[in-house]
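First the structure, in the form of structure tokens, and then the observations on it.
Residue numbers (my numbering), protein chains in the order written: chain V, 35 to 338; chain A, 35 to 338.
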């Protein structure tokens, strides 16, 4: 691929990310209208967390994968919003004092800081339920088989054998550093399962047989890991730049990361290999897959 | 209805409640097998909360309503387990220190006491996801339209316009006593919506049109309120019996209840009327509705 194409794809990606973010914001703004009773604070907390923040990586992936199959963007957007609702709920709960105890998220106070801990628990629970309400609604797809399978796979990706299970592994790992296999497995559950679902969901909509989904899931698995390694590298570099020897957030908690286990150079190389493999999975596709290719490259080219 | 019939139904109910409890326990025992990795504590926490406790009112209602339409009990049991998973997740989160801060539940330490607060958050989240995984699975019903509608209505009953919204209203009401309309509305969301779903779900399975579900939803709404009023009466009486003038758990938090608003005598009378109305909703049915009638009477005849 020529340098020009890479540049063009890079430019497209930024504009596309902004466009998708705006559409997701619009969706949540309309979904989360305050009901005008004592639940208004709950709705305000959901809006605080769900609107106007984040890279919107998962919605971007879903809309980019939907292009492969010519899926109507309004339908894909509902699915993307359901996935983002799950992601946002998990951030709200992960930030709680009893979990990662974070005060800031995307430059804003976390929900339990801006509102209260109880409101944060309920805002997360509410977004969790809303994700399934969005998917099961007829507006998402006229075929109930598609809706039902979308629900089934999202519940798997977010439950104890997916995201929630990975978060438990992460908590259990504090002070008990893991080996590379264990870190890979943890990340595949904690963040990989939902990223994989973001790409698999359009395959479900287009009723692709399970076998035929393999390359798309492979793409998603590869870039999920590449994103995670890059996150670890940014965390590591941020600390190097900081004064003195202060270790990073992960190292401070005694958590093993890809970088702590193999060092920054091998980690960077591994991320590059993963992105190449991800792009290889798309070799049957022409330019309709360019956005997915651009996202793959972005996984390792970003610095925040 | 003769005294004999009431007695027989009463005896049946106790045996049936034990049988349903055992089946729900078996279901969760099989579903929540520990995976043999660092998520074992998460699974232990889910088992702690989900197995061996509670009245299993919602599963009992679902199986009793399933009898009206001759629905296969194994299918009804999966739906009942999904509803109970939602109920148990809500109890785990409601018991958290930032919410109702309860140390004991059904005579056992609450999940955050027996494990940790972080584990309790994740165990609740995991059961929440599993509920939708159970419903969306083909084993629940071969017709994807039924599965999809089961998911849609459960997500509504448990989300911000159902259970989670009602819990938010309840938190907002502390120190700001509500009037009778507001308490009724709060309870309809907090506990009523899921009880209504427990009875409506078999109507969905049997593909009853929305209009034709009205009497069953009416039955459920009436007994939901009757159960709540009886809970309030038990809370109130427990305190009267206690030494001195100590107010009950609800009064101590400055919460208005049916009893605090209209007094115990009118509350008791209102609960009786609700049970009569509930039973009236079943007038088109013969003995296949006897279990639902027995549950309605149990709503006000229990003392715990």
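Built from N, CA and C at the ideal position, the CB exists for glycine as well.
Determine the extent of the alpha helix (DSSP H) in which residue i is found, giving its start and end residues.
i: residue 215 of chain A; result: 214 to 221
i: residue 205 of chain A; result: 197 to 207
i: residue 158 of chain V; result: 151 to 170
i: residue 298 of chain V; result: 298 to 314
i: residue 146 of chain V; result: 145 to 148
i: residue 232 of chain V; result: 227 to 239
Tell me whether residue i sits in a helix, a strand or coil according to DSSP, three-state version.
i: residue 289 of chain A; result: coil
i: residue 131 of chain V; result: coil
i: residue 281 of chain V; result: The predicted model places residue 281 of chain V with a pLDDT of 43, which falls under 50 and marks its position as unreliable, so this point remains unresolved.
i: residue 139 of chain V; result: strand
i: residue 89 of chain V; result: coil
i: residue 194 of chain V; result: coil
i: residue 114 of chain V; result: helix
i: residue 9 of chain A; result: What the structure shows of chain A is the stretch from 35 to 338, and residue 9 of chain A is not part of that stretch, so it cannot be assessed.
i: residue 319 of chain V; result: coil
i: residue 324 of chain A; result: helix
i: residue 109 of chain V; result: helix
i: residue 272 of chain A; result: helix
i: residue 75 of chain A; result: helix
i: residue 337 of chain V; result: coil
i: residue 67 of chain V; result: coil
i: residue 295 of chain V; result: helix
i: residue 61 of chain A; result: helix
i: residue 177 of chain A; result: coil
i: residue 331 of chain V; result: helix
i: residue 261 of chain A; result: helix
i: residue 244 of chain A; result: coil
i: residue 211 of chain A; result: coil
Could you tell me the alpha carbon to alpha carbon distance between residue i and residue j, rounded to whole angstroms?
i: residue 322 of chain V; j: residue 94 of chain A; result: 52 Å
i: residue 143 of chain V; j: residue 62 of chain V; result: 19 Å
i: residue 330 of chain V; j: residue 81 of chain V; result: 29 Å
i: residue 313 of chain A; j: residue 220 of chain A; result: 24 Å
i: residue 200 of chain V; j: residue 206 of chain A; result: 33 Å
i: residue 223 of chain V; j: residue 196 of chain V; result: 4 Å
i: residue 151 of chain V; j: residue 242 of chain A; result: 41 Å
i: residue 117 of chain A; j: residue 147 of chain V; result: 32 Å
i: residue 234 of chain V; j: residue 102 of chain V; result: 12 Å
i: residue 163 of chain V; j: residue 193 of chain A; result: 5 Å
i: residue 210 of chain V; j: residue 71 of chain A; result: 14 Å
i: residue 290 of chain V; j: residue 216 of chain V; result: 10 Å
i: residue 262 of chain A; j: residue 202 of chain V; result: 35 Å
i: residue 310 of chain V; j: residue 104 of chain V; result: 25 Å
i: residue 88 of chain A; j: residue 252 of chain V; result: 44 Å
i: residue 305 of chain A; j: residue 218 of chain V; result: 57 Å
i: residue 167 of chain A; j: residue 191 of chain V; result: 10 Å
i: residue 237 of chain V; j: residue 121 of chain A; result: 33 Å
i: residue 336 of chain A; j: residue 140 of chain A; result: 16 Å
i: residue 132 of chain A; j: residue 204 of chain A; result: 13 Å
i: residue 278 of chain V; j: residue 239 of chain V; result: Its pLDDT being 40, under 50, residue 278 of chain V is placed unreliably in this model, and the value from its coordinates should be taken loosely. In a straight line, the C-alpha of residue 278 of chain V is about 52 Å away from that of residue 239 of chain V.
i: residue 41 of chain A; j: residue 319 of chain A; result: Reliability fails at residue 41 of chain A, whose pLDDT of 46 lies under 50, so the model's placement of it is uncertain and the value that follows must be treated cautiously. Approximately 19 Å between the Cα atoms of the pair.
i: residue 213 of chain A; j: residue 177 of chain V; result: 45 Å
i: residue 324 of chain A; j: residue 100 of chain A; result: 12 Å
i: residue 90 of chain A; j: residue 145 of chain A; result: 18 Å
i: residue 229 of chain V; j: residue 172 of chain V; result: 24 Å
i: residue 51 of chain V; j: residue 58 of chain A; result: 46 Å
i: residue 65 of chain A; j: residue 53 of chain A; result: 18 Å
i: residue 134 of chain V; j: residue 303 of chain V; result: 29 Å
i: residue 307 of chain A; j: residue 208 of chain A; result: 29 Å
i: residue 73 of chain A; j: residue 293 of chain A; result: 44 Å
Do residue j and residue i come within 8 Å of each other at the CB atom, strictly closer than that value?
i: residue 153 of chain A; j: residue 75 of chain A; result: yes
i: residue 326 of chain A; j: residue 98 of chain A; result: yes
i: residue 170 of chain V; j: residue 189 of chain A; result: yes
i: residue 255 of chain V; j: residue 174 of chain V; result: no
i: residue 84 of chain V; j: residue 119 of chain V; result: yes
i: residue 47 of chain V; j: residue 328 of chain V; result: yes
i: residue 96 of chain V; j: residue 232 of chain V; result: yes
i: residue 288 of chain V; j: residue 258 of chain V; result: no
i: residue 92 of chain V; j: residue 114 of chain V; result: yes
Take every Cβ of the region 150 to 161 of chain A, pair it with every Cβ of the region 180 to 188 of chain V, and state whether three or more of those distances are shorter than 8 Å. Verdict: no, contact absent.
If you pair each beta-carbon of the region 100 to 113 of chain A with each one of the region 117 to 131 of chain V, do three or more pairs fall below 8 Å? Result no; under three Cβ-Cβ pairs closer than 8 Å.
Cβ contact check for the region 258 to 267 of chain V and the region 296 to 303 of chain V: 3 or more pairs under 8 Å: Output reads yes: the region 296 to 303 of chain V touches the region 258 to 267 of chain V.
Three Cβ pairs or more, each shorter than 8 Å: is that satisfied between the region 247 to 263 of chain A and the region 113 to 126 of chain A? Counting Cβ pairs under 8 Å, fewer than three are found: no touch.
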